[in-house]
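Chemist:
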Amino acid sequence: KRAITNGYSFWMYSPRRFGKTSLVLKAFETLREKDIITIYFDFYNVLNADDFARKYSQVLVKNLFSWKMGVEKLTRKVAEYFKGLYPKFSIDALGNSTLSFETQNIEHQSEIETILNVPEKIAGNKKICIAFDEFQEIYRIKPFIINWMRSNFQFHKKVSYIFLGSQQSLMEYTFSDTNSPFYEYGFKMNIEPISAEDLTKYIKKQFKKTKQKINDDTIKEILSESRCHPHFTQHFASFVWEMILQDENQENPGFKDKWLNRVIAGQSLIFQNIYDQFSLNQRKTIIAISNLKKNDKLFSGEYRKKFNLPETSSLTATINSLMKKNLVQKLDGSYQIINPVFEEWVRSL
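In the numbering used here, the protein residues as written are 739 to 1087.
1. Sort V816, I900, H894 and K811 by Cα distance to N801 and report the nearest one.
2. Between the beta-carbon of I883 and the beta-carbon of A787, is there less than 8 Å?
3. Could you check whether the Cβ of P857 sits closer than 7 Å to any heavy atom belonging to the ligand NAD?
4. I'd like the ranges of any beta strand (DSSP E) spanning at least 3 consecutive residues and lying wholly in the region 890–975.
5. With DSSP collapsed to three states, give me the class of P991.
6. Could you check how far apart the C-beta atoms of E963 and P825 are, in whole angstroms? I think they sit under 8 Å.
7. Is it the case that the region 876–896 contacts the region 795–810, given that we only count it when at least three CB pairs across the two stretches are under 8 Å?
8. L1047: which of Q1067, K1022 and I982 sits nearest, CA to CA?
9. Which partner residues does P825 have in the DSSP bridge list?
10. Can you check whether the CB of T759 is closer than 8 Å to the CB of L937?
11. Is T768 buried or exposed, if buried means 16 or more other CB atoms sit within 10 Å of its CB?
12. DSSP three-state label for A861, please.
13. According to the Cβ coordinates, are I957 and I941 closer than 8 Å?
14. For the region 986–1006 against the region 1065–1082, are there 3 or more C-beta pairs whose distance is under 8 Å?
15. Along the chain, where does the beta strand (DSSP E) that runs through Y778 open and close?
16. What three-state label does DSSP hand K1035 in the structure shown?
17. Would M927 and A741 qualify as a contact pair, given that the criterion is a beta-carbon distance under 8 Å?
18. Could you pull out every residue in the same chain whose Cβ sits closer than 6 Å to the Cβ of Y778, ignoring the five residues on either side in sequence?
19. Whose C-beta lies closer than 6 Å to the C-beta of F920 among residues of the same chain, with five residues either side of it excluded?
20. Could you check which residue in T836, I982, E818 and E845 has the C-alpha nearest to that of V856?
21. Going by DSSP, name the residue or residues bridged to W749.
22. In the DSSP assignment, find the unbroken alpha helix (DSSP H) run with K800 in it and report its ends.
23. Which of the three DSSP states, helix, strand or coil, is assigned to K811?
24. Is the distance from the Cβ of G745 to the Cβ of K865 below 8 Å?
25. Count the other CB atoms within 10 Å of the CB of F809; is the residue buried (16 or more) or exposed (fewer)?
26. Is the region 988–996 close to the region 944–961, with three or more CB pairs under 8 Å?
27. Quick one, which of R755, Q892 and H846 has its alpha-carbon nearest N1064's?
28. Which first and last residues belong to the beta strand (DSSP E) in which V762 is found?
29. Which whole-angstrom value is the C-beta distance of L1087 and I1025, which I expect to be below 8 Å?
30. How many whole angstroms separate the CB atoms of W749 and G862, which I take to be in contact at a CB cut-off of 8 Å?
31. Would DSSP call I1002 helix, strand or coil?
32. Distance check for K947 and E922, CA to CA, integer angstroms please.
33. Here's a check: name, in chain order, each residue in its chain whose Cβ is nearer than 8 Å to the Cβ of T1050, leaving out the five neighbours to either side.
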């Protein structure tokens, strides 16, 4: 919140469903009380440059213009800022207004830049913060947009930006590679994982609501397997809750294996389909990564020999391909399969 209040731009990476979006939206709720205009835009379902232009414009108009002034006045006002795009509004039977543009195929640089500069032009004395979620998708939509963003955003004084992404390799390239237009644009904000202590309290609270009791050892096993990832913690806890509800004994030595096997079985067909599409090197590498222990070195001669891994250059290329598929991440100098359930499934091969 302090970074946003001070007008800093920054970027954040974490795997999907880790909570980064919720974190930003929660901060936005607080900041609106400080008269900071906050805007959220998700790239995930954007099809192409034209689709981006229209969807982003809708979001900007919704958040930056007063709809109380009436359709005619609003149309004139919007036309001042979206010059050359010929905006118009239509009203449905329920009285909902929708923005559209008479211009076909909005994808040229001048048209996109007109839209990108609307927040800065309209800001006045107010601060605006815009969060772009799944920002790495821009490379799929139209890579040139990132160049246009950078060349215009650098002159924005009243607008700050948050870039959220779930694909580590592309986010790192975008903001850390000297060849990227966004090199050193904004700083990296790390997302600290929720502590085991807080997750323990949360799990106990949720079980208590349904008058079920969960042992501390069972919670520790859940958190060990989920690595304190919020989504997987909830997912595993739901399986445990169901088993306890069915009078399964937590004290049984095989209790952990039983709930974990159920979790894996529920997704085994998906995992098998992913694995079937791997090349031979990808299969060897994903298995090797799933078996990494604390002091193991993936690139060491000994470890490569143990799992019959390719030479360094081929291994690096294979890891990068798995990272692009959003299956593997680099963490604290080592590699890790992002989905702990998939990791267990691979380890069992």
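Ideal Cβ placement from N, Cα and C applies to all residues, glycine included. Note that the structure is a prediction, hence the values are computed from the model and not measured.
Modeler: On the basis of the coordinates in this document:
1. V816
2. For the pair I883 and A787, the CB atoms are nearer than the 8 Å cut-off.
3. The ligand NAD is not among the ligands present in this structure, which contains no ligands whatsoever.
4. DSSP runs (the beta strand (DSSP E)) wholly in the region 890–975: 897–903.
5. coil
6. About 52 Å separates the two Cβ atoms, so there is no contact after all.
7. no
8. Selected option, being the one with the closest Cα: K1022.
9. F839
10. no
11. So T768 counts as exposed.
12. Taken through DSSP and simplified to helix, strand or coil, A861 comes out as coil.
13. The beta carbons of I957 and I941 sit closer together than 8 Å.
14. yes
15. Element bounds for Y778: I774 to D780.
16. Coil, per DSSP.
17. yes
18. Cβ within range, chain order: A869.
19. R888, T912 and F913
20. E818
21. F901 and K926
22. K800 -> alpha helix (DSSP H) spans A787 to L802.
23. Collapsing the DSSP output to three states places K811 in a helix.
24. yes
25. Sequence inspection shows Val at residue 809; the Phe mentioned does not correspond to that position. Exposed is the call here.
26. The region 988–996, when compared against the region 944–961, does touch it at the 8 Å Cβ threshold.
27. R755
28. No beta strand (DSSP E) contains V762, which is instead part of the alpha helix (DSSP H) from K758 to R770.
29. At roughly 6 Å, the Cβ-Cβ gap stays under 8 Å, so L1087 and I1025 are in contact.
30. With 8 Å as the limit, W749 and G862 do not qualify as a contact, their Cβ atoms being about 27 Å apart.
31. helix
32. 47 Å
33. F1037
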